[in-house]
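Participant: Positions in the sequence shown are counted from 1; adding 16 to them yields the numbering used here. We put the beta carbon where it would ideally sit given N, CA and C, even for glycine.
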Amino acid sequence: MPSHRRARTAARAALLPLLPIALAACAPRANENTTASANGGEVAPAATTAGGAAAAPCATPLETRPANAPDQQPTFPEQTRACAVNSNVAHDVQVVATGLARPWAVEPLPDGALLVTEKPGRLRVVSATGQVGAPVQGVPAVDARGQGGLLDVALSPQFATDRTVFWSFTEPREGGNGTSVARGVLSADRTRLEQVRVILQAKPTYNGTMHYGSRLAFGPDGMLYVTLGERSVTEVRPQAQDLGSHMGKILRVRPDGSVPNDNPFVGRQGALPEIWSLGHRNVQAATFDAQGRLWAIEHGTRGGDELNLVQKGKNYGWPIAAYGIEYSGRPIANSDGRTQREGTEQPVYYWDPVIAPSGAAWYTGTAFPAWRNSLFVGALREQRLVRLVLDGGRVAGEEHLLVDRKARIRDVRQGADGALYVVTDAENGELWRIAPRR
Ligand SMILES: [Ca+2]
Numbered sequence: 017m018p019s020h021r022r023a024r025t026a027a028r029a030a031l032l033p034l035l036p037i038a039l040a041a042c043a044p045r046a047n048e049n050t051t052a053s054a055n056g057g058e059v060a061p062a063a064t065t066a067g068g069a070a071a072a073p074c075a076t077p078l079e080t081r082p083a084n085a086p087d088q089q090p091t092f093p094e095q096t097r098a099c100a101v102n103s104n105v106a107h108d109v110q111v112v113a114t115g116l117a118r119p120w121a122v123e124p125l126p127d128g129a130l131l132v133t134e135k136p137g138r139l140r141v142v143s144a145t146g147q148v149g150a151p152v153q154g155v156p157a158v159d160a161r162g163q164g165g166l167l168d169v170a171l172s173p174q175f176a177t178d179r180t181v182f183w184s185f186t187e188p189r190e191g192g193n194g195t196s197v198a199r200g201v202l203s204a205d206r207t208r209l210e211q212v213r214v215i216l217q218a219k220p221t222y223n224g225t226m227h228y229g230s231r232l233a234f235g236p237d238g239m240l241y242v243t244l245g246e247r248s249v250t251e252v253r254p255q256a257q258d259l260g261s262h263m264g265k266i267l268r269v270r271p272d273g274s275v276p277n278d279n280p281f282v283g284r285q286g287a288l289p290e291i292w293s294l295g296h297r298n299v300q301a302a303t304f305d306a307q308g309r310l311w312a313i314e315h316g317t318r319g320g321d322e323l324n325l326v327q328k329g330k331n332y333g334w335p336i337a338a339y340g341i342e343y344s345g346r347p348i349a350n351s352d353g354r355t356q357r358e359g360t361e362q363p364v365y366y367w368d369p370v371i372a373p374s375g376a377a378w379y380t381g382t383a384f385p386a387w388r389n390s391l392f393v394g395a396l397r398e399q400r401l402v403r404l405v406l407d408g409g410r411v412a413g414e415e416h417l418l419v420d421r422k423a424r425i426r427d428v429r430q431g432a433d434g435a436l437y438v439v440t441d442a443e444n445g446e447l448w449r450i451a452p453r454r
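Here it is in structure tokens:
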């Protein structure tokens, strides 16, 4: 958005003489009682410090509530509490379908129908007019206890010709369970999956019910990226730093599950070759932008939900460097309270207080010109759809949509019609279509 960038630069230049005042107003504690700007689409200038502790990002941040972790500071000003933006986009929310059991993912099909996973283990086709089909046959059994179940679903990049579907799920195994990925061919009548086979099994098997990840995203390189969790509990979370475990990793495999030769840890003694990046907590969003870059969002502890730009072989810190505090209120056990550590990457953005992010999509459609190149993120705990505006690799603005609906948003995807599709996390979950107001 060049015009937007110009406006921002001009605004920053105009405000330069006021910078000391802005800095004073931007001390993080002072933000708690300020009112977010509710009008104007402009992004206010970011405050920067001349060395020393980083300032809060913005004089009018959207988030003004007390932090979960009040003692932590961002590493750079735009890393948290972005400026409030208001796109003033008139949109309608159409309830396409109801009665979906804990829907976890929505994946638009080319003809306007949608695939929806239900966490208890069912995959359904919902027609463009909202008819919910019977469960698609051929889905292997899942362990649906706790956070487990049938999770993400993705179409093959060649779906138009190979009709192949990929899905992630909590696989019941000897001694516990684990995140696995399967593929199958959707029958022409869309009633069953054929030639089903599991192509990836995250190791090791563990006997728990939390932090499975998992989103699936195909990159422009044709590879399948799989996000995972670290199974949450203190005894296993250090495996997020262990290249001999898939826990807390993002993996990259060919569509048949085999390992590409150019993965970063191929040939390293003791390393699992599927690993693309490490040091993640529980990654439930993954989406490629128009430049082919992978963005992933993970659940943090209190005060530590993260947006990361995921790069080959990089370490994203968990649990040895992380924002947030333990649910007990203590510093994160394995990090000694450190938010930075050499050899680990900083998140592009973090939410404090947390929103509990799940599902994300870069918007590239034409139905909402004002939303082009925005990153949409579903929020469970905060029950809204978050829109992030990025500028130069930093978050320049944040807007919250669908707030009045008070629903946990589990996934968001863009349809072929340029509308956004959302599923809500509930026993009686819903599928919504967000389209321009007519
Ligand atoms: Ca991190």
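What does glutamine 217 pair with, by DSSP beta-bridge criteria?
Facilitator: Walking along the sequence shown from the start, residue 217 turns up at place 201. Paired residues: Ser196.
Participant: Taking 8 Å as the threshold (C-beta atoms), are valine 364 and asparagine 324 in contact?
Facilitator: For the purposes of this step, residue 324 is taken as residue 308 along the sequence shown, with counting starting at 1. For the purposes of this step, residue 364 is taken as residue 348 along the sequence shown, with counting starting at 1. Contact flag set, yes.
Participant: Going by Cα to Cα distance, which pick from Thr145, Gly191, Ser196 and Ala176 is closest to alanine 157?
Facilitator: For the purposes of this step, residue 157 is taken as residue 141 along the sequence shown, with counting starting at 1. Considering only alpha carbons, the answer is Ser196.
Participant: Counting Cβ pairs closer than 8 Å, one from the segment 141-161 and one from the segment 109-118, do we hit at least three?
Facilitator: Because the criterion of three Cβ pairs below 8 Å is met, the segment 141-161 and the segment 109-118 touch.
Participant: Rounded to a whole number of angstroms, what is the C-alpha to C-alpha distance between valine 438 and alanine 301?
Facilitator: Locating residue 438 in the sequence shown gives position 422, counting from the first residue. Locating residue 301 in the sequence shown gives position 285, counting from the first residue. Answer to the nearest angstrom: the Cα atoms are 13 Å apart.
Participant: Nearest by alpha-carbon distance to serine 248: which of Gly235, Gly229 and Ala233 is it?
Facilitator: For this step, residue 248 is matched to residue 232 along the sequence shown. If we check each option's Cα against that of serine 248, Gly229 comes out closest.
Participant: Hey, quick one: how far does the beta strand (DSSP E) through phenylalanine 175 stretch, first residue to last?
Facilitator: Translated into the one-based positions of the sequence shown, residue 175 becomes position 159. Here phenylalanine 175 belongs to no beta strand (DSSP E); instead the alpha helix (DSSP H) covers 175-178.
Participant: How would you label alanine 306, buried or exposed, when you count the other beta carbons within 10 angstroms and need 16 or more for buried?
Facilitator: By 1-based counting over the sequence shown, the position of residue 306 is 290. The residue in question, alanine 306, is exposed, as its Cβ has fewer than 16 Cβ neighbours within 10 Å.
Participant: Check this for me: beta carbons of glycine 165 and phenylalanine 185, under 8 Å apart or not?
Facilitator: Residue 165 sits at position 149 when you count from the first residue of the sequence shown. Residue 185 sits at position 169 when you count from the first residue of the sequence shown. Going by C-beta atoms, glycine 165 is nearer than 8 Å to phenylalanine 185.
Participant: Taking only heavy atoms of ligand 1 into account, decide whether any of them is closer than 7 Å to the Cβ of glycine 229.
Facilitator: Taking the first residue of the sequence shown as 1, we reach residue 229 at position 213. No, ligand 1 has no heavy atom inside 7 Å of this Cβ.
Participant: Per DSSP, what kind of secondary structure is alanine 377 in: helix, strand or coil?
Facilitator: Numbered from its first residue, the sequence shown carries residue 377 at position 361. Alanine 377: strand per DSSP, three-state reduction.
Participant: Do the segment 389-406 and the segment 424-431 touch if we need at least three Cβ pairs shorter than 8 Å?
Facilitator: The segment 389-406 vs the segment 424-431: in contact.
Participant: Mind checking who valine 152 pairs with in its DSSP beta bridge?
Facilitator: Counting from one through the sequence shown, the residue named residue 152 turns up at place 136. Looking at the DSSP assignment, valine 152 forms no beta bridge with any residue, so it has no partner.
Participant: By the three-class DSSP mapping on this structure, what secondary structure does glutamine 300 have?
Facilitator: Residue 300 sits at position 284 when you count from the first residue of the sequence shown. If DSSP states are grouped into helix, strand and coil, glutamine 300 belongs with the strands.
Participant: Glutamate 446 to glycine 286, Cα distance in whole Å?
Facilitator: Within the sequence shown, residue 446 is the residue found at index 430, counting from 1. Within the sequence shown, residue 286 is the residue found at index 270, counting from 1. About 44 Å.
Participant: Where do the N-terminal and C-terminal ends of the beta strand (DSSP E) with aspartate 321 fall, by residue?
Facilitator: Taking the first residue of the sequence shown as 1, we reach residue 321 at position 305. Segment 321-326, the beta strand (DSSP E) holding aspartate 321.
Participant: Check each candidate in Arg318, Ala376 and Val142 and name the one with the smallest Cα separation from arginine 403.
Facilitator: Within the sequence shown, numbered from 1, the residue matching residue 403 stands at position 387. Nearest of Arg318, Ala376 and Val142 to arginine 403, Cα basis: Ala376.
Participant: Taking the beta strand (DSSP E) that aspartate 241 falls in, what are its first and last residues?
Facilitator: As a first step, residue 241 is located in the sequence shown; it is residue number 225 there, counting from the start. One point to set straight first is that residue 241 is tyrosine, not aspartate, in the sequence displayed. Unbroken beta strand (DSSP E) run through tyrosine 241: 240-243.
Participant: First and last residue of the beta strand (DSSP E) that includes threonine 440?
Facilitator: Along the sequence shown, read from residue 1 onward, the residue named residue 440 stands at position 424. Taken as a continuous stretch (DSSP letters only), the beta strand (DSSP E) holding threonine 440 covers 436-440.
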